[in-house]
Structure formats: C-alpha cells, structure tokens
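Please read the structure below before turning to the comments.
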C-alpha cells in the first residue's frame, strides 16, 4: 500500500476528509449528517493516513491519545445535558441562543455541543481501534 | 410487504444461527453481524411499513402530515446499528488478538481458562 | 441551522412546562457523576498518579448521591425525570422506585470498596490500560440500568456496562484472559441481542417503550396477543445475563481470569443487573405472562442453585469455586421471582443485596489469600491461620453469610425465601434452598479448612508451621490497605445480620413497588393513567410532581 502516489496524496486526502467531516457535523442539526457520521469520516481519514504513512505519524498528527479524545468528547456530551440544570429544565433539554456575530445570526444550542461530543467520542474510539489493528499488522 | 420482509428476517436469523453454531470464532463473528442486521430489520418492520414519506416536519408548519413514516423505529435502528458496529469492531480486535495469542480460532481447543485435564479437588489434607 | 422561532407555540400538550424540582435531579445524579467522572478519567488516562484517588472521590460522591436518592424515594415515593422536556411516554424517562434506589446504593458501595481495594491491587501498568475509567463507566451503565424508565434505554445501559466490562476483563491481555473474554463477550452479546429482539416485538405489539406505559398497555391487551412469546424471550435474555441454568456457562468460563478485583466488581454487579431487569420486565410489566412461566422459572431456579453449588464443590481453584457460588446465588434470587408473592420478591431483593456485598467481599478475601500464599489452588493453600488470624476470622464470617447461617446477612433472605416457598406450597423449592445452603457450607468450609486451618499446603505434615512468603505482598502497609475495604464490606454483612429491620423494610418496599406499581406508573404518567390501568381510586388527580408525596407515604414505608 505504501506507493509513492498514495503517500503523496494521503495527507491532502486526510485533510480534505477531516474538513468534510466537520462540515457534516455542523450540517447535521437539521439535515442529514451529525456527530456520529462526521466522527466516522474523520476516523477513516486518519485510518487512511495510517495505511499510507504508518501509525506513528498519525499519532503525532492527532497530538492527544485517541482514548483521551474520546474521553473529552464524552465529557462534553454529558456536560451538554447538565447545562439544563442551570436553566431550570429537565436533563438534556435543548437550549438555544442566537448571538449575532458580525451581523450574522448564528444559532448555537446544546444539541450542537452534544453532537461535538459524539463526534469526538466516535473519532477517538474508532481511530484507537483502527490504529491498534494497523500497528499489530506490522508485528 | 411485511410478509416479504418477515421471510427475509427469517432467512437472516437462519443464517446467523447456522454461522454461530460453528466452533470457529470468525464464523461466530460473522453470525453475530448477520444477527445484528436481522434485529435491525425486525425492529424496522415492527414499526409498521408506510409509504416513503420521511419523518421531517417542514419549516413552515408546526404539525407534520399524518402519513409520515414512524420515526421511532428509525431512531432505534440507528442506535442499534451504532452499538452493533462498535461491538463488531471490538470483537474483531478481540478475536484477532486471541488468534494471535492462542494460535487457534477454534473454540473447542481454547481450553486455557478451563483446562480439560484439571484434577478433582483434594478429598483430605 | 434553525432560525429563531418567530411565533410562540403552545407546547403544554407535548412538553413539561414547569421547572423540575431540584430533588428530581437526584434520579439522574448517579449517571451524571459516573459519566462526567469516567470521561474525565478517560481523558487523563496517561496521568496514572491521580487516577486512583480521583476515582475514589467520584465513587464516594456516587455513594452520597445514592444515599440521598434512597432516602428521598423512601420518604416521597418514586421520582421521575424525562429527558428533553417531552412529556412521558414520548420522552425517555428516568424513573426510580425503592428497588432501583436500593440497588444503586448497594452497587455504589460495592464499587467504592472495590476501588479502594484496587488502589493497591492495580499497578501502574494496569492503570495505564484504563482500570479506573472503565470501573467508573461500568458504574454509569449499572446505575443507568437501575434508574431508567424506558426499556430501550435499559438496553443501551446494558451495552454501556457490557463494553466497560470488556475493557476490565481483558486488562493485561494474558492468554487465559483472552480465552475467557472471547466466551464472555460473544455469549453476552447474544444475550443482549435477544433482549433487543424481544424489545422490537414488544414495541410492535404495544407501540411504546416507556415502562410505565408498557405496564398499562400490556394489562389492556386483548386475549391471544403474543405477549407470552415476548415474555419468554425476555426470560431467556435476562436468564443469560443473570447466569441461570442452563445458560450460565459464560460465567465460570471467564470470572476467574481477570484481576481479582475485577472479578469482585463483576460478581457484585453484573449478574444482579440481569436479575433486576428480570424483576422489572416480568414482574412489573408482564405479571400475567410470568404466572404462565412461574413453574418453569421455579425449576430453573432450583436447578441453578443446586448445579451452581455442585459446580463449586467440584473446583479446586478457589476463584472458580467463587464463580459457581455466584451462579448458585442467582438461583435463590430467581426462586423468589418464581413465587410471585410479596414475601418471595422481598426475599429475592434481600438476597440480591446480600449477594452483591458478600460475593464481592469473598472475591477480595480470595485475592488477599492468593497474595499471601501464592496459590489459588486448594492443594497449594494452607497455613493461613497462623499467618493471618484476622483474615481467617473475616473469611469465616463471609463463609457463614454466603451459606445463609445466622447471625449474618445471608440468613434473613434465606429465611424469607424458605418461608415464602412454604406458604406458596412449593415445599421442594424450600428443600432445594436448604440443601443448597448445606452444600455451600461444605464448599466454603472446605476452603477454610484447607487454606486456613491446616498447617501448610498439601504434603506438609499437619501442625507444622510454614513460614514461606511466596508472593510479593509482604509489605504490611499493602496488607492493611487491602484489608480495609474487606473490613468495610464485612461490617455491612454483620450489620445486615444483626440489625435486619431497616433492610427488611426497604426490601418489602421494593417488592411492594414492583407488585403494586400504581405509584410508579402514576409518577411517570400522571395519576389518571395509573387509575385507568389499575382501576383504583387514588387521592389527587393533578400533575405528577405534586402527588408524589401523597402516594409516596403509602408505598415508601409499606412493610
């Protein structure tokens, strides 16, 4: 798999896929998409990078350990539910704010925060399993 | 339509059970995957099949049209797919790891945790 | 992205409009604590120095929340919180009655003491594999399963605890662990898939997933509806999760393979979640179908306890003996379910509580015995009385308790179960319970005689004191640290034995809540629905939060 062509294109492909995964994540609130599918796309991006260039560069590119990313995502996801406590509504109630940034109204919500958490959980877990399998291949 | 899907689910279950009865882990794993898909189809069919109207409420109305598809089975199936996918990933790693370490994927010869020739407990001091 | 809603919409028909009381948050507090704590530990997985203490702090917080929950439920009746403001049965509810709150508390206590034990038992390498995050996430799954009021959500929590238990089971990646994990993972996955199949059919039949709503609608089903088939599927799925005869073989195949503290956690928590799910679905949701299966369940219960204890007698590895004793205990719990009476269910609940505490303590004690002698085989153990008389006293107390001998915690549940079997006309079941108790005495008594009473391992002449120190644990501080959680659990065993009154009352409240579920249904759906289903006049008719207190006094201290 480690041909020159693949190794040259893989970083670009990976960055494009990560970008696309974030697009899918943000699109997901009202249209098809969301944190789970976005996380899967991002995880496959890193898996492709791993196939092309080996696992150590992927670990360097991710900076944090995949399981730490998953843990952070779980924390963010659970936190999105707890915000309801301070708003006086039941657990996991969707709360919206509409700040206006540079004249553009942006809808921010706890479901979005939850989705980002899901994105990180899926990215972390799947990347961890995929990298684990790829690493073992070499032994 | 329900009848056709029921028959299909039956075939899925049949295949899954057949595969899971094998002593080889990889076949059991494939059986579990087929079983997961059979269950997803089953939940989907249990939510009753309707014409293909997606359960999305348009922006300009508050109450959806009465003929939309039932969204709940779709949510359940989605959850089940996510869970079975992550379990598949885990079990694949586990099976691969077990194959490497124990040099077999035959569950009949996997007797390290429960040795076949274990002696009976002592009857006295 | 959605734009700002322009016109106000009347949402009172679909959504909760009043703010939930702060006390209602108690029902989700255990889950929030465990999820946030587990996520934090997972993110800090490299930082092994702080993990242990943080996990102890998180689980201590969990115990405090669980105590608060139980006290609140005993005083005010079931509490409900429905996620996302949707009115039940549309939103996913968390609902807790006495049984759920009691099991959350005992589970939290068991996990807390296991965590203390693990501070010594789990070394840095195993911490790096993620013992503490998995333990806390396992507790999230266990608490979620005890607290949820939605049957599909119950399935999700089962999967959460299953995936966390996989992580704990393969901690260290030894050969025997991989072997045990393969069997554990596949058979448990098949069991949860069966659960999912049954839930799919149930949804197709009654069109709802909210447990309170299911209870109402199942009672209204016309004759000839295939509810018994669904109940049979649930019975099989949960019997497999609970390790009942003949589908228990995953338990003795895997429970002795991981680190001993992992076995202790599993023995205390996992199978009991299966028993809880069986109680919740069959006793509360489908009592009519349970009556159909009562005889079969009674036979399963008898076979489980006898075969479990015979299996325990046939083992020379003390860890495997303990695994079979877990199975045997499940039989006693199922016996109470099969009797379907107040007294029988009370016995089941008491036995579940007792078994959670005693089995965990026994596994921990075995861990210390293995550390002191370097052997887990009956032939290699011996001379421990001379080395550690205090430990031998503790083991003897736990052995009495697991055998159901007075005056410890095992006596009262067995007494209740025997009494319930006799008053239910099932004399043979009472006999099976007593014979099992007798055989258990032999099994644990043999361990005590072989490992504590005699002078040394097989081959050494009796009375000759052996001063070997085989395993590394010669540091007295380590012994003290590992002994402390065992003492804590043993103190609970003694307390439950000598002061059974509160324990009996709470268990009776739990059994009553299952059999007469109006207050549970009423607190989820509002009282009209409960009235319609049960056909009883209840005091008030307003919204759920207000009449909790009115009904709670009726179910809370009803003993």
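Residue numbers (our numbering), protein chains in the order written: chain A, 185 to 323; chain B, 15 to 139; chain C, 12 to 570.
Built from N, CA and C at the ideal position, the CB exists for glycine as well.
Apply the 10 Å Cβ neighbour rule to residue 123 (chain B) and answer buried if 16 or more other Cβ atoms are within range, or exposed otherwise.
Along the second chain, one-based indexing puts residue 123 (chain B) at 109. Exposed: under 16 other Cβ atoms inside 10 Å.
Taking only the alpha-carbon atoms, compute the straight-line gap between residue 387 (chain C) and residue 183 (chain C) and give it to the nearest angstrom.
Here residue 387 (chain C) refers to the residue found at position 376 when the third chain is read from its first residue. Here residue 183 (chain C) refers to the residue found at position 172 when the third chain is read from its first residue. Looking at the two C-alpha atoms, the distance is approximately 19 Å.
Look at the Cβ atom of residue 109 (chain C), then the Cβ atom of residue 367 (chain C), and state whether they are nearer than 7 Å.
Within the third chain, numbered from 1, the residue matching residue 109 (chain C) stands at position 98. Within the third chain, numbered from 1, the residue matching residue 367 (chain C) stands at position 356. Against a cut-off of 7 Å, the Cβ pair of residue 367 (chain C) and residue 109 (chain C) comes out as no contact.
Could you tell me which of C:513, C:496, C:303, C:157 sits nearest to residue 125 (chain C), measuring between CA atoms?
The residue given as residue 125 (chain C) occupies position 114 in the third chain. Nearest option by C-alpha distance: C:496.
Thinking C-beta only, is residue 112 (chain C) closer than 7 Å to residue 78 (chain C)?
As a working mapping, residue 78 (chain C) is identified with position 67 in the third chain. As a working mapping, residue 112 (chain C) is identified with position 101 in the third chain. No, the pair does not count as a contact, with Cβ atoms beyond the cut-off.
Assign residue 246 (chain C) to one of two classes, buried (16 or more other C-beta atoms within 10 Å of its C-beta) or exposed (fewer than that).
Locating residue 246 (chain C) in the third chain gives position 235, where the first residue counts as 1. Buried, by the Cβ-count rule.
According to DSSP, simplified to helix, strand and coil, what is residue 564 (chain C)?
For the purposes of this step, residue 564 (chain C) is taken as the residue at position 553 of the third chain. Any answer about residue 564 (chain C) is weak, because its pLDDT of 38 lies below 50 and its placement is not dependable; what the coordinates show is given next. Looking at residue 564 (chain C) - three-state DSSP - the assignment turns out to be helix.
Residue 261 (chain C): contacting residues in chain A (beta-carbon distance under 7 Å)
Position 250 of the third chain, counted from the first residue, corresponds to residue 261 (chain C). The contacting residues do not exist; residue 261 (chain C) stays about 23 Å from chain A at best.
Considering only DSSP beta bridges, list what residue 132 (chain C) is partnered with.
Taking the third chain and counting its residues from 1, the one referred to as residue 132 (chain C) is at position 121. None; residue 132 (chain C) has no bridge partner.
Just to confirm my understanding: we take residue 556 (chain C), look at its own chain, exclude 5 residues before and 5 after, and list those with CB closer than 8 Å. What are they?
To locate residue 556 (chain C), count along the third chain from 1; it is residue 545. Any reading at residue 556 (chain C) must be qualified, since the residue scores a pLDDT of 39, below 50, and its modelled position is unreliable; the value itself is stated next. So the qualifying residues of the chain are 29, 31, 32, 35.
Chain B contacts made by the segment 299 to 323 of chain A, where a contact means CB separation under 9 Å:
306, 309, 310, 313, 314, 316, 317, 320, 323
Starting from the C-beta of residue 81 (chain B), find all residues in its chain whose C-beta is less than 8 Å away, skip the five residues before and the five after it, and write them out in chain order.
As a working mapping, residue 81 (chain B) is identified with position 67 in the second chain. Within the same chain, residue 81 (chain B) has close Cβ partners 64, 65, 67.
Identify the continuous alpha helix (DSSP H) that holds residue 367 (chain C) and give its terminal residues.
Working through the third chain from its first residue, we reach residue 367 (chain C) at position 356. Note, residue 367 (chain C): alpha helix (DSSP H), 353 to 384.
Residues near residue 514 (chain C) by beta carbon distance below 6 Å, same chain, minus five either side:
As a position in the third chain, residue 514 (chain C) is number 503, starting the count at 1. Taken in chain order, the residues that qualify are 507.
As assigned by DSSP and simplified to three states, the class of residue 231 (chain C)
If you number the third chain from 1, residue 231 (chain C) lands on position 220. In this structure, residue 231 (chain C) counts as helix in the three-state DSSP scheme.
Whole-angstrom distance between residue 198 (chain A) and residue 235 (chain A), CA atom to CA atom:
Your numbering for residue 235 (chain A) matches position 51 in the first chain. Your numbering for residue 198 (chain A) matches position 14 in the first chain. Straight-line Cα distance between these residues: approximately 11 Å.
Give a yes or no on whether the minimum CB-CB distance between residue 398 (chain C) and chain B is below 7 Å.
Stepping through the third chain from its first residue, residue 398 (chain C) is reached at position 387. No, because no Cβ of chain B sits closer than 7 Å to the Cβ of residue 398 (chain C).
Sort C:98, C:194, C:249 by Cα distance to residue 284 (chain C) and report the nearest one.
Locating residue 284 (chain C) in the third chain gives position 273, counting from the first residue. Taking only the C-alpha atoms, the option nearest residue 284 (chain C) is C:249.
Compare the C-beta of residue 246 (chain A) against all C-beta atoms of chain C and say whether one is closer than 7 Å.
Translated into positions along the first chain, residue 246 (chain A) becomes position 62. Not one chain C Cβ lies under 7 Å of residue 246 (chain A).
May I have the straight-line CA-CA distance separating residue 263 (chain A) from residue 47 (chain C), to the nearest angstrom?
Along the first chain, read from residue 1 onward, the residue named residue 263 (chain A) stands at position 79. Along the third chain, read from residue 1 onward, the residue named residue 47 (chain C) stands at position 36. The alpha-carbon atoms of residue 263 (chain A) and residue 47 (chain C) are separated by roughly 7 Å.
Please report the straight-line C-alpha distance between residue 40 (chain B) and residue 50 (chain B), rounded to a whole angstrom.
The residue you call residue 40 (chain B) lines up with position 26 of the second chain. The residue you call residue 50 (chain B) lines up with position 36 of the second chain. Going from the Cα of residue 40 (chain B) to the Cα of residue 50 (chain B) covers about 15 Å.
Just tell me which of C:171, C:193, C:323 has its CA closest to the CA of residue 332 (chain C).
For the purposes of this step, residue 332 (chain C) is identified with residue 321 of the third chain, where counting begins at 1. Looking at the Cα atoms, C:323 is the closest of the given residues.
Does DSSP put residue 91 (chain C) in a helix, a strand or coil?
Taking the third chain and counting its residues from 1, the one referred to as residue 91 (chain C) is at position 80. Strand, per DSSP.
Does the beta carbon of residue 127 (chain B) come closer than 7 Å to any beta carbon on chain C?
The residue labelled residue 127 (chain B) in the question sits at position 113 within the second chain. So, interface residue.
Assigned secondary structure, residue 20 (chain B) (DSSP; H/G/I helix, E/B strand, else coil)
Taking the first residue of the second chain as 1, we reach residue 20 (chain B) at position 6. Looking at residue 20 (chain B) - three-state DSSP - the assignment turns out to be helix.
Comparing C-alpha positions only, which one of C:64, C:193, C:53 sits nearest to residue 37 (chain B)?
By one-based count along the second chain, residue 37 (chain B) stands at place 23. Per the Cα distances, C:193.
Counting only Cβ-Cβ distances shorter than 8 Å, please list the residues of the segment 41 to 57 of chain C near chain A, keeping chain order.
43, 46, 47, 49, 50, 51, 52, 53, 54, 55, 56, 57
Delimiting residues of the alpha helix (DSSP H) encompassing residue 250 (chain C)
Taking the third chain and counting its residues from 1, one reaches residue 250 (chain C) at position 239. From DSSP, the alpha helix (DSSP H) with residue 250 (chain C) extends over 238 to 253.
Just to confirm my understanding: we take residue 102 (chain C), look at its own chain, exclude 5 residues before and 5 after, and list those with CB closer than 6 Å. What are they?
Taking the first residue of the third chain as position 1, residue 102 (chain C) is located at position 91. Excluding sequence neighbours, residue 102 (chain C) sits near 93, 94, 95.
Would you report the Cα separation of residue 5 (chain B) and residue 100 (chain C), rounded to the nearest angstrom?
What the structure shows of chain B is the stretch from 15 to 139, and residue 5 (chain B) is not part of that stretch, so it cannot be assessed.
Taking the alpha helix (DSSP H) that residue 228 (chain A) falls in, what are its first and last residues?
As a first step, residue 228 (chain A) must be located in the first chain, where it is residue number 44. That run of the alpha helix (DSSP H) goes 219 to 237.
When the cut-off is 7 Å and only beta carbons count, does residue 94 (chain C) lie next to chain A?
By one-based count along the third chain, residue 94 (chain C) stands at place 83. Yes, residue 94 (chain C) counts as interfacial toward chain A.
Examine chain A for any beta-carbon lying closer than 7 Å to the beta-carbon of residue 29 (chain C), and answer yes or no.
As a position in the third chain, residue 29 (chain C) is number 18, starting the count at 1. Output row for residue 29 (chain C): interface = no.
Let's see if you can read the secondary structure: which residues bound the beta strand (DSSP E) around residue 106 (chain C)?
Position 95 of the third chain, counted from the first residue, corresponds to residue 106 (chain C). From DSSP, the beta strand (DSSP E) with residue 106 (chain C) extends over 104 to 107.
Where residue 199 (chain C) sits in the DSSP three-state scheme:
Counting from one through the third chain, the residue named residue 199 (chain C) turns up at place 188. Helix.
Got a sec? Which residues, its chain only, sit under 7 Å from residue 483 (chain C) by beta carbon, not counting five neighbours each side?
As a first step, residue 483 (chain C) must be located in the third chain, where it is residue number 472. Bear in mind that the predicted position of residue 483 (chain C) carries a pLDDT of just 49, short of 50, making it unreliable; the figure below should be weighed with that in mind. Excluding residues within five positions, none has a Cβ falling inside 7 Å.
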